[in-house]
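What follows is a short report on a single structure.
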DNA sequence: GTCAATATGATACGCCCGTCTCAAAAATTT
DNA sequence: AAATTTTTGAGACGGGCGTATCATATTGAC
């Protein structure tokens, strides 16, 4: 009823964007404290439960659950923070391949820094998928996990005119296969690569895909293979 | 002590390979029953807990836990079954790109049929990773998840002589990014593609990567761009 | 300073998971 | 057929998670 103090931000919304919305008051303070604690824990490699964050933040379990009713909500919030610098990425070049490389350079280190967080997010989205299959779904938060679509399309936007729409989309889809945390899982965990190796392989694959898409369209146009390199 | 009846297969080992090891007796019977039930449930889309399998198989919870001490063991067993036809894949062509395409044609439908199973396996491997990070690890089963490495290297084996070892490895690594369940997660769940679309994109990307690797090595050798297509 | 509104903490509950124990049932041996 | 071994089922236990309740402490308005 009392709308004078806008507390709509309390526990409902995500407070996206920079966490500097400040929003004073006890609630915002506690929430910020928890988020910082959770972020710190996650960057240390663990995926804390709500209770663990509560303890680490020296807050009662009950209070913690008031702000983050589940581990999913917690992870989602930390993901949003980790995603920050990635979502605000802006192209600096007009060349598609360069833009893609630049996007990867921005995103991959960030994803690596928040590796545990993104892996937790992936895990939770798999959980959600399984629950959806089983029919056991309580109108839950619904994880996002679609940012790469827009980002990659933005990165390869320069090709929009030079490629048939179908091929453009296909390139974006193919690139999205080598963009997310999945890359870390495969290259670091399975292959045992380090950060440099991982980034290097991803970069090469991304470049190869972009060049291949361009080359195909050129082939159709007239076999001008000298323009294969960069366009 | 009594070794006359070889019951070493009882609850310890994985009984890999075709499940036709038969191995009569109550234990084998119950285990087979549970495995079949679990497989059926998983192909229906759900990721059952041990208790759920127990109920579905009309076996007491205690018994179920005797054979599969955790959901992880359960999933691992079903994964082994689902992996069957993939692991026995043999190349039918001498052309690398064709071989890769063929491998994808074999593997992707199978992965899709066992989608829930493979997603559950991925989820569990993420769990394991998190626990390993946190130090909370009880000398557990240790998920495999490395089959794609050998398979892809086998598929592109014809290039082994034509490519520098570094490039060969890099190609295998890049291909492994677009090989597993991750492809389904990204293309079906995020992009909303159907099975055909998913397979099509994966195939294109795979072909593009192989061609790119070949083209690069040729470029170094003398810019013979007419051989870009297949070699 | 007083008072209402609000945030917090302690506690308890139900649920599911994984483990254990022990008696009953089934299978195998002799 | 009898005896022994093996397998099974029922139940109990502890632990963790998510929820609800209620008294207490803190905040902000007057």
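Chains as they are written, first to last, in my numbering: chain F, 1 to 231; chain U, 1001 to 1231. Virtual Cβ for every residue (Gly too), placed ideally from N, Cα, C. A quick note: this is a predicted structure, and the numbers were derived from the prediction, not measured.
How would you label residue 63/F, buried or exposed, when you count the other beta carbons within 10 angstroms and need 16 or more for buried? Residue 63/F sits at position 63 when you count from the first residue of the first chain. Looking at its Cβ environment, which holds fewer than 16 other Cβ atoms inside 10 Å, residue 63/F is exposed.
- Nearest neighbour of residue 170/F, chosen from 1176/U, 1173/U, 1174/U and 1186/U [CA to CA]: By 1-based counting over the first chain, the position of residue 170/F is 170. For the residues 1176/U, 1173/U, 1174/U and 1186/U, the minimum Cα distance to residue 170/F belongs to 1186/U.
With a threshold of 8 Å, are at least 3 pairs of Cβ atoms found where one atom belongs to the segment 1140-1155 of chain U and the other to the segment 156-164 of chain F? no
inquiry  = Pop quiz: residue 1173/U and residue 1104/U are said to be a contact at Cβ under 8 Å. What is the actual Cβ separation, rounded to whole angstroms?
reply    = Translated into the one-based positions of the second chain, residue 1173/U becomes position 173. Translated into the one-based positions of the second chain, residue 1104/U becomes position 104. With 8 Å as the limit, residue 1173/U and residue 1104/U do not qualify as a contact, their Cβ atoms being about 16 Å apart.
Assuming residue 1120/U and residue 1047/U are in contact, meaning their beta carbons sit under 8 Å apart, how far apart are those beta carbons, in whole angstroms? As a first step, residue 1120/U is located in the second chain; it is residue number 120 there, counting from the start. As a first step, residue 1047/U is located in the second chain; it is residue number 47 there, counting from the start. 4 Å between Cβ atoms; contact.
Point to revise | Span of the alpha helix (DSSP H) around residue 1147/U | key: Position 147 of the second chain, counted from the first residue, corresponds to residue 1147/U. Per DSSP, residue 1147/U belongs to the alpha helix (DSSP H) from 1147-1155.
Could you tell me the distance, in whole angstroms, from the CA atom of residue 1031/U to the CA atom of residue 1067/U? Taking the second chain and counting its residues from 1, one reaches residue 1031/U at position 31. Taking the second chain and counting its residues from 1, one reaches residue 1067/U at position 67. Looking at the two C-alpha atoms, the distance is approximately 7 Å.
Beta carbon proximity, residue 201/F to chain U, threshold 7 Å = Here residue 201/F is taken as the residue at index 201 of the first chain, counted from 1. True, the Cβ-Cβ gap to chain U drops below 7 Å.
Proximal residues to residue 228/F (C-beta, below 8 Å), its chain only, five neighbours per side dropped: Numbered from its first residue, the first chain carries residue 228/F at position 228. Unreliable positioning characterises residue 228/F in this predicted model, as indicated by a pLDDT of 44, which lies under 50. The coordinate reading is nonetheless provided below. Hits under 8 Å: 211, 214, 215 and 218.
Alpha carbon of residue 1078/U to alpha carbon of residue 1118/U, nearest angstrom: Looking up residue 1078/U in the second chain gives position 78. Looking up residue 1118/U in the second chain gives position 118. Distance between the alpha carbons of residue 1078/U and residue 1118/U: 9 Å.
Anything in chain U within Cβ reach of residue 170/F, meaning under 7 Å, just list it in chain order. Translated into positions along the first chain, residue 170/F becomes position 170. 1201 and 1204, listed in chain order.
Count the CB pairs spanning the segment 175-183 of chain F and the segment 1175-1183 of chain U that are closer than 8 Å, and state whether there are at least three.
They touch, by the three-pair rule.
- Message: Quick check on the DSSP output: the alpha helix (DSSP H) that includes residue 53/F runs from which residue to which?
- Response: Against the first chain, residue 53/F aligns to sequence position 53. Where residue 53/F is concerned, the enclosing alpha helix (DSSP H) stretches over 50-56.
Would you say residue 1117/U lies against chain F (beta-carbon separation less than 7 Å)? Walking along the second chain from the start, residue 1117/U turns up at place 117. So no, residue 1117/U is outside the interface.
Check: Mind checking if residue 1176/U is an interface residue toward chain F, Cβ cutoff 7 Å exclusive?
Finding: As a first step, residue 1176/U must be located in the second chain, where it is residue number 176. So yes, residue 1176/U belongs to the interface.
Mind listing which residues of the segment 184-199 of chain F have their C-beta closer than 8 Å to chain U's C-betas, in chain order?
185, 186, 187, 189, 190, 191 and 193
Note to self: Taking 7 Å as the threshold (beta carbon to beta carbon), is residue 160/F in contact with chain U?
What the structure shows: Mapped onto the first chain, residue 160/F falls at position 160. Chain U, which has no Cβ nearer than 7 Å to the Cβ of residue 160/F, makes this no.
Fill in: Coarse secondary structure for residue 214/F, derived from DSSP in three states
In the first chain, the residue the question calls residue 214/F occupies position 214. The answer is helix: DSSP assigns residue 214/F an H, G or I state.
With H, G and I counted as helix, E and B as strand and the rest as coil, what does DSSP make of residue 164/F? Here residue 164/F refers to the residue found at position 164 of the first chain. In the structure shown, residue 164/F sits in coil (DSSP, three-state: anything other than H, G, I, E or B).
Can you tell me where the alpha helix (DSSP H) holding residue 124/F begins and where it ends? Here residue 124/F is taken as the residue at index 124 of the first chain, counted from 1. Segment 115-134, the alpha helix (DSSP H) holding residue 124/F.
Can you list, in chain order, the residues of its chain with a C-beta nearer than 6 Å to that of residue 1114/U? Leave out the 5 residues immediately preceding and following it. As a working mapping, residue 1114/U is identified with position 114 in the second chain. Excluding positions up to five away in sequence, the list reads 1082.
Exercise for review: Please list the residues of the segment 57-69 of chain F that have a C-beta atom closer than 7 Å to any C-beta atom in chain U, keeping them in chain order.
Suggested key: none
* Asked: Which term fits residue 1094/U, buried or exposed, when burial requires 16 or more other beta carbons within 10 angstroms of its beta carbon?
  -> Stepping through the second chain from its first residue, residue 1094/U is reached at position 94. Exposed.
For residue 82/F, report the span of its alpha helix (DSSP H) as first-last.
Within the first chain, residue 82/F is the residue found at index 82, counting from 1. Segment 71-87, the alpha helix (DSSP H) holding residue 82/F.
Cut-off 8 Å between Cβ atoms - residues of its own chain near residue 1209/U, not counting five sequence neighbours on either side: The sequence position of residue 1209/U within the second chain is 209, counting from 1. Only 1171, 1174, 1175 and 1178 meet the Cβ criterion.
- Message: What residue range does the alpha helix (DSSP H) around residue 1181/U cover?
- Response: If you number the second chain from 1, residue 1181/U lands on position 181. Per DSSP, residue 1181/U belongs to the alpha helix (DSSP H) from 1181-1184.
Query - Contact check, residue 1112/U vs residue 1207/U, beta carbons under 7 Å - result: By 1-based counting over the second chain, the position of residue 1112/U is 112. By 1-based counting over the second chain, the position of residue 1207/U is 207. Against a cut-off of 7 Å, the Cβ pair of residue 1207/U and residue 1112/U comes out as no contact.
- Item | Contacts that residue 1146/U makes with chain F (C-beta to C-beta distance below 9 Å) | Here residue 1146/U corresponds to residue number 146 of the second chain, with the count starting at 1. Chain-ordered, the chain F residues with CB closer than 9 Å to the CB of residue 1146/U read 190 and 191.
Can you give the beta carbon distance from residue 1133/U to residue 116/F, rounded, assuming they're within the 8 Å contact cut?
Counted from its first residue, the second chain places residue 1133/U at position 133. Counted from its first residue, the first chain places residue 116/F at position 116. In this structure residue 1133/U touches residue 116/F by the C-beta definition: roughly 6 Å separates them, less than 8 Å.
Through-space distance from residue 1122/U to residue 184/F, alpha-carbon basis
Taking the first residue of the first chain as 1, we reach residue 184/F at position 184. Taking the first residue of the second chain as 1, we reach residue 1122/U at position 122. Rounded to the nearest angstrom, the two C-alpha atoms are 13 Å apart.
Could you compute how far the alpha carbon of residue 1051/U sits from the alpha carbon of residue 154/F?
The residue you call residue 1051/U lines up with position 51 of the second chain. The residue you call residue 154/F lines up with position 154 of the first chain. The alpha-carbon atoms of residue 1051/U and residue 154/F are separated by roughly 47 Å.
Starting from the C-beta of residue 143/F, find all residues in its chain whose C-beta is less than 8 Å away, skip the five residues before and the five after it, and write them out in chain order. Within the first chain, the letter at position 143 stands for residue 143/F. Result list for residue 143/F: 72, 76, 121, 124, 125 and 128, in chain order.
| said: Alpha carbons only, please: which of 92/F, 151/F and 201/F is nearest the one belonging to residue 1168/U? | reply: Numbered from its first residue, the second chain carries residue 1168/U at position 168. Closest by alpha carbon: 201/F.
_Reference residue 130/F, options 1028/U, 1043/U, 1035/U and 1029/U, closest by Cα_ = On the first chain, residue 130/F is found 130 positions in, with the first residue counted as 1. It is 1043/U.
Evaluate residue 1074/U with the Cβ neighbour count: other Cβ atoms within 10 Å of its Cβ, from every protein chain shown; 16 or more gives buried, anything less gives exposed. The count along the second chain starts at 1 and reaches residue 1074/U at position 74. Residue environment for residue 1074/U: buried (at least 16 other C-beta atoms within 10 angstroms of its C-beta).
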